[in-house]
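Participant: No gaps in the numbering here: position 60 of the sequence shown is 59 in numbering that gives the first Met the number 0, and each next residue is one more.
Glycine residues also receive a C-beta, built at the ideal position from the N, C-alpha and C atoms.
Let me begin by handing over the structure; questions about it come next.
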Amino acid sequence: MKLVVLGATGATGLEVVRRATERGHSVTAFVRSPDRLGALKSQVTTQKGDLLDSLQLAQVIEGHDAVISAF
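Structural data, given as structure tokens:
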């Protein structure tokens, strides 16, 4: 599945991203600080942005199968 993870750099978000990538899902991490993904950064697509920007959020979500909020 193509997933968008919101809040991907928090403790819960990092675990969600790690497990999703281990299971073969394609993950887009919507984050304020991509560098906080650490080693996972190379395994995901990162989109830097602000959750309060509804237009930007809608653009990131487009084309994905599911959105997971760890925010």
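What three-state label does DSSP hand S32 in the structure shown?
Facilitator: Within the sequence shown, residue 32 is the residue found at index 33, counting from 1. In the structure shown, S32 sits in coil (DSSP, three-state: anything other than H, G, I, E or B).
Participant: With a 10 Å radius around its C-beta and 16 neighbouring C-beta atoms as the bar for buried, classify F29 as buried or exposed.
Facilitator: As a first step, residue 29 is located in the sequence shown; it is residue number 30 there, counting from the start. It is buried - the Cβ of F29 has at least 16 other Cβ atoms within 10 Å.
Participant: Are L36 and A7 touching if we call contact CB-CB under 8 Å?
Facilitator: Position 37 of the sequence shown, counted from the start, is the residue given in the question as residue 36. Position 8 of the sequence shown, counted from the start, is the residue given in the question as residue 7. Yes; because the gap between Cβ atoms is below 8 Å, this pair is in contact.
Participant: Excluding sequence positions up to five away, which residues of its chain have a Cβ less than 6 Å from the Cβ of K47?
Facilitator: Here residue 47 is taken as the residue at index 48 of the sequence shown, counted from 1. If we look at K47 and ignore the five residues flanking it on each side, its Cβ neighbours are P33.
Participant: Please report the straight-line C-alpha distance between V72 and L54, rounded to a whole angstrom.
Facilitator: No information on residue 72 is available, as it lies outside the stretch 0 to 70 that the chain covers here.
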